[in-house]
Amino acid sequence: MKKKQTFRNIFTILFIGIISACIVSAQQMDNKEIEKNMVRAMEWQEAHPIFAVAPTDWTNGAYQIGIARAHKSTQNQIFLAALKNTGYWNKWKTYDRYFHADDVTVSYGYLYLVMNDTRKNYVDLKPTETFIQKHLYEPNKWRDGTDKDPVKNILWWWCDALFMAPPMLTLYANHTGDMKHLDIMHKYYMETYNLLYDKEEHLFARDARFLWKGTADDLKEENGKKIFWSRGNGWVLGGLALILDDMPEDYKHRDFYLNLYKEMAQKIKEIQHEDGLWRTSLLSPESFDHGEVSGSGFYTFALTWGINNGVLDKNEYTPVVMKAWLALAKCQKDNGMVGWVQNIGYDPRPADADSWQNYGTGAFLLAGSEILKLDH
18 MKKKQTFRNI
28 FTILFIGIIS
38 ACIVSAQQMD
48 NKEIEKNMVR
58 AMEWQEAHPI
68 FAVAPTDWTN
78 GAYQIGIARA
88 HKSTQNQIFL
98 AALKNTGYWN
108 KWKTYDRYFH
118 ADDVTVSYGY
128 LYLVMNDTRK
138 NYVDLKPTET
148 FIQKHLYEPN
158 KWRDGTDKDP
168 VKNILWWWCD
178 ALFMAPPMLT
188 LYANHTGDMK
198 HLDIMHKYYM
208 ETYNLLYDKE
218 EHLFARDARF
228 LWKGTADDLK
238 EENGKKIFWS
248 RGNGWVLGGL
258 ALILDDMPED
268 YKHRDFYLNL
278 YKEMAQKIKE
288 IQHEDGLWRT
298 SLLSPESFDH
308 GEVSGSGFYT
318 FALTWGINNG
328 VLDKNEYTPV
338 VMKAWLALAK
348 CQKDNGMVGW
358 VQNIGYDPRP
368 ADADSWQNYG
378 TGAFLLAGSE
388 ILKLDH
């Protein structure tokens, strides 16, 4: 009996060792495949440039953030080269509306190069610094409440803006060591939060048009629920992960961002569809019953960041993000194109296998950049 028991114990140990080795090998192979697919996505996007108005606009800015984070995770020089090329072609400029948060998003990539490339003297941050000064500290029609549109009565009046400017400003504060930029960012962030955050649903209205006032004029889904746009909340949650990643641990308002992140993360986890992706209308999935990549990509990035940084419970959230990543990967075609991306907009709309945008590729790259770090 002792010999049989000893044999069983040895067999069990050998079996566990073999399985463990296979798991490690699979993880390594999976990570190689993930990085390969990220490169393919970027190469396809670079060969098919698309912008809302110009290479300095917000759509390309979101894409550049995805490239920057892909490089941060992989140290693959192809991502760094793409960032450099964009900067050179753009002459390191922002877009031209100094009052509009969308038009400085592209500067995240410029700042990343300054902070991460040893040969950084080629980057010209003067256009970015000019934008920051004008946007935050000089009078403009939104910040001063002089815009005739009642919806646009604060600087960042739409929830997307919380991705467009705050992560870049947090990175800039890190670069300069000047926390006054974080303080003013926090001031304007709180205006948006106080206006658009629904404390019952733990989601953001896209803008004031979608706030419920208890009247017959309230915009609502056919099922009677409030309208919460997937990509809009993806902008916010993805932006929070970026902000927290670069915000100093001892910054006086950090707990606000951390608590908001946790609240939203819990809600997003609860409403994930069984196929792994989120629907364009978060509380009315039947409105457009298919997954959408841009919102889902931002959620996958943000939730995985939380796991990797000890903010979210690993056992609770890892199945969520793995399910999401596998679903995102299925939305990438053999040629590298990432489909199922909702077009430019401000409310829930459909997508399909052939709909793509550069910010969708950016969301895909962001998701992959954190999935690569996950102990899966």
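For the sequence shown, my numbering begins at 18 and goes up steadily by one.
Where is the CB? At the ideal position from N, CA and C, for every residue including glycine.
Computed from a predicted model, the values in this text were never measured in an experiment.
Residue i versus residue j - alpha carbon distance
i, j, result
"G256", "T122", "11 angstroms"
"L300", "D141", "44 angstroms"
"D267", "A233", "46 angstroms"
"D166", "D47", "50 angstroms"
"T111", "L188", "16 angstroms"
"M181", "H307", "26 angstroms"
"Q374", "Q81", "13 angstroms"
"P265", "K197", "13 angstroms"
"G356", "E309", "9 angstroms"
"K158", "W229", "25 angstroms"
"K53", "W342", "14 angstroms"
"K169", "H117", "11 angstroms"
"R160", "G327", "36 angstroms"
"P66", "S372", "14 angstroms"
"K49", "W322", "19 angstroms"
"K151", "Y115", "6 angstroms"
"K236", "M202", "The amino acid occupying residue 236 in the given sequence is Leu; Lys does not appear at that position. Cα to Cα, the separation comes out at about 30 angstroms."
"A346", "P156", "45 angstroms"
"D119", "A384", "21 angstroms"
"H219", "S304", "20 angstroms"
"S42", "I51", "Low local confidence applies: a pLDDT of 37 at S42 is under 50, so the model's placement there is unreliable, with the coordinate-based value given in what follows. Cα to Cα, S42 sits roughly 14 angstroms from I51."
"I95", "R57", "11 angstroms"
"K204", "W173", "11 angstroms"
"D215", "A258", "19 angstroms"
Residue i in three-state terms, based on DSSP
i, result
"L382", "helix"
"V338", "helix"
"V355", "strand"
"F318", "helix"
"Q150", "helix"
"L186", "helix"
"L172", "coil"
"D164", "coil"
"M92", "The question names Met, but residue 92 in the sequence shown is Gln. DSSP places Q92 in coil when its eight states are reduced to three."
"Y376", "helix"
"D215", "strand"
"L220", "strand"
Residue i burial status per 10 Å Cβ neighbour count (16 or more: buried)
i, result
"V70", "exposed"
"Y154", "exposed"
"R136", "exposed"
"I285", "buried"
"G241", "exposed"
"G194", "exposed"
"P302", "buried"
"I244", "buried"
"T147", "exposed"
"D263", "buried"
"L100", "buried"
"N107", "buried"
"P336", "exposed"
"Y105", "exposed"
"G83", "buried"
"H333", "Here residue 333 is Glu; the residue named in the question, His, does not match the sequence. The residue in question, E333, is exposed, as its Cβ has fewer than 16 Cβ neighbours within 10 Å."
"Y206", "buried"
"Q62", "buried"
"G231", "exposed"
"N211", "exposed"
"C39", "Low per-residue confidence applies at C39: pLDDT is 38, beneath 50, and the placement is therefore not dependable, though the value from the model is reported in the following sentence. Exposed, since its Cβ has fewer than 16 Cβ neighbours within 10 Å."
"E387", "buried"
"T378", "buried"
"D74", "buried"
"N352", "exposed"
"G78", "buried"
Contact check, residue i vs residue j, beta carbons under 9 angstroms
i, j, result
"A380", "G293", "no"
"S311", "Y376", "yes"
"M185", "L128", "yes"
"T103", "P72", "yes"
"W252", "C348", "no"
"H338", "I324", "In the sequence under discussion, the amino acid at residue 338 is Val, which differs from the His named in the question. Closer than 9 angstroms, so yes."
"S247", "P365", "yes"
"K340", "Q289", "yes"
"L199", "H270", "yes"
"A85", "G126", "yes"
"K279", "L329", "yes"
"N133", "L97", "yes"
"R226", "G249", "no"
Any non-hydrogen atom of the ligand SAM closer than 8 angstroms to residue i Cβ
i, result
"R296", "The model on display carries no ligand, and the ligand SAM is accordingly not part of it."
Beta carbon proximity, residue i to chain C, threshold 9 angstroms
i, result
"G78", "As a matter of chain content, chain C is missing from the structure shown, which is built from one protein chain."
- prompt: Where are the beta strand (DSSP E) runs, 3 residues long or more, that stay fully inside the region 238-300, in chain order?
  reply: Fully enclosed beta strand (DSSP E) runs of 3 or longer: not present.
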